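Residue numbers (the working numbering): 8 to 374.
Note that the Cβ used here is the ideal one computed from N, Cα and C, for glycine as well.
Nothing here was measured: the structure is a model prediction, and the numbers come from that model.
Just below is one structure, and these are the notes that go with it.
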């Protein structure tokens, strides 16, 4: 079954099944029989003609009234009341109330298509409520993340205006202002980039290229950072692994994963970047010997602005991995996280290879 499809086998196809019409047919036949018997009885008893005319009229009037009331009740129960509840609920949702729940008419083993529609409506309201919560959290997080570097810039700008500062102090304050401005600029750039990706304003330019070459280029960009922390970096890459993807978007993925590995690996630790090809897929793993993550953190690691702990909150703004996940979704790729507290983390990316011969195994090489 495809994602989003509902199994509706066994759902009644009509709100008025054949049994209802069988009831009508049986009742009318019964009433006709009673009418015939009544007419014969009145004739044999010698009742006046006026009485023999009025009584069948009253009789069929009562039958018609009964069938009309029965039909009216069936229509009210089957259509009007559920639709009125739906209309009322839709009005509350339009007013911003996402706690609305409309009960189904029947139990699940007797569902009809109106029950299915009500269930879908409840699910839609639940999703809208989640989106509204995410929207509120997003605005709150953006405001918080922007407030910190702006406050830093303001404070150091005020300090620069003080008299009697040494040249060394001025340079230090200016460096702090520059760092805060870079953080703010990076936050805004990531928000804009993520927004464009989520709204599909970026159309991936997919073409085959050697991802091993790209990995080497991205790793070398962080050479100064890993050497400064005396991190041992090991790579196990094939000579050539061709993927069909957008090269510029995948560069965001590798830069974020490698950057995080360098940031959260302690001095003297190690990082391993490994690439393999198998069954039409190219896999790339980035492993570190950092602090690792709890299961709860792993579940939310790709949420926007989520930061696993206080140490990580000082290192970024929580948008990098959200960008990684969205890029891989656009490129039909996938990502998995394996981590244990105190034992480091591994991020495993899988991408479709460019044809069956895309990757050729070669000797591993180090940087």
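- Rounded to the nearest whole angstrom, the C-alpha separation of residue 357 and residue 228 is 22 Å.
- Between the alpha carbons of residue 243 and residue 280 lies a gap of roughly 6 Å.
- Per the coordinates, the alpha-carbon of residue 234 lies some 31 Å from the alpha-carbon of residue 333.
- For residue 89, the secondary structure class from DSSP, reduced to helix, strand or coil, is helix.
- For residue 247, the closest alpha carbon among the candidates 32, 134 and 220 is that of 220.
- Within the same chain, Cβ atoms closer than 8 Å to the Cβ of residue 177 are found at 167, the five residues on either side in sequence being excluded.
- Beta bridge pairing from DSSP links residue 277 with 239.
- If you draw a straight line from the Cα of residue 352 to the Cα of residue 338, it is about 24 Å long.
- At a Cβ-Cβ threshold of 8 Å, residue 269 and residue 238 count as neighbours.
- In this structure, the beta-carbon distance from residue 225 to residue 265 falls below 8 Å.
- By the neighbour-count criterion, in which 16 or more other beta carbons inside 10 Å mark a residue as buried, residue 263 falls on the buried side.
- Approximately 4 Å separates the beta-carbon atoms of residue 159 and residue 187; this is inside 8 Å, confirming the contact.
- In the structure shown, residue 285 falls within a strand segment according to DSSP collapsed to helix, strand and coil.
- In the structure shown, the three-state DSSP call for residue 348 is coil.
- Annotation for residue 63: the continuous alpha helix (DSSP H) segment containing it runs 56-82.
- With 16 or more other Cβ atoms inside 10 Å of its own Cβ, residue 354 counts as buried.
- It is roughly 29 Å from the alpha-carbon of residue 161 to the alpha-carbon of residue 232.
- Burial is judged here by how many other beta carbons sit within 10 angstroms of a residue's own beta carbon; residue 131 has fewer than 16 and is exposed.
- Comparing alpha carbon positions, the residue from 105, 119, 61 and 100 closest to residue 89 is 119.
- Boundaries of the beta strand (DSSP E) harbouring residue 249: 247-252, taken from the DSSP string.
- For residue 267, the CB contacts under 7 Å within the same chain, skipping 5 residues up- and downstream, are 327 in chain order.
- For the 8 Å CB-CB criterion, residue 272 and residue 253 do not form a contact.
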